[in-house]
Structure formats: C-alpha cells, structure tokens
Amino acid sequence: MNKQKEEAFQQIMDYARKLKNQSLDLRSKLTSLVLYTEDVDDVSQEEKNCVLSICEIIAKKNNELIFTEEKLEEVIQQLTKGESVNSHNYSHFNH
C-alpha cells in the first residue's frame, strides 16, 4: 500500500474514532440525565417515567450506533491492512 493511501486510511480512522467518542460522550450525558431525573424531588413519578422512557429509547439507539461505529473501525482496519472487504457484508448487518 502506498504512503498516501495509508495516510488516507489513518485520517478516516481518526474521524471514525472522533465519531465514536461523541457517541460515548452522549452515553455519559444520558446517564447523568437519567440519574438526575431519578433523584429529583420536584416532579412526579409519572413525569419522571415519561422522561426516563424516552431516555431508554435514546440509550438503545446510542448502543446500536456505538456497535455500528465499532464495525466501521473493524472495516477500516481491514482496509488499512489491504484486506478485501465487500460492502454487501456490512450493508444490512444486525447484532
């Protein structure tokens, strides 16, 4: 693999890791929101449940996003090593 292509894949990996870091940061902020909502005394349990149910949906989608970002990193690593990767293998994957 030539140096320019190697550098391009490194840059792609850097962007992919930044993306995953944002998702991990979202997970951390979501945890703070959930903990605060559970502990706050100024809202009713029903109101808390409403907020927490939406937080649960966000958490599930964020977990799926993080899983997908990890797959992205795996593919970039394979490409960096010069391995053959077929986009059809990753277009509809589920975990």
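Using this note's numbering, the letters of the sequence shown map in sequence onto residues 482 to 576. Backbone N, C-alpha and C define an ideal beta-carbon position, used for all residues, glycine too.
Of the choices the options, whose alpha-carbon is the least far from that of residue i?
i	options	result
Gln-492	Leu-546, Ser-509, Glu-564, Leu-560	Leu-560
Ile-539	Ser-568, Leu-514, Glu-550, Glu-487	Leu-514
Ala-497	Gln-558, Ser-565, Ser-534	Gln-558
Keeping to the same chain, check which residues put their C-beta closer than 6 Å to that of residue i; ignore five residues upstream and five downstream.
i	result
Lys-501	Glu-550
Met-482	Gly-563
Gln-503	none
Counting along the chain, where does the alpha helix (DSSP H) carrying residue i start and finish?
i	result
Asp-506	484-520
Asn-544	526-561
When the distance is taken between beta carbons, is residue j closer than 8 Å to residue i?
i	j	result
Cys-531	Leu-511	no
Met-494	Glu-554	yes
With a CB to CB cut of under 8 Å and the five nearest residues on each side skipped, what residues in its chain are close to residue i?
i	result
Lys-529	Thr-518, Glu-519, Val-521
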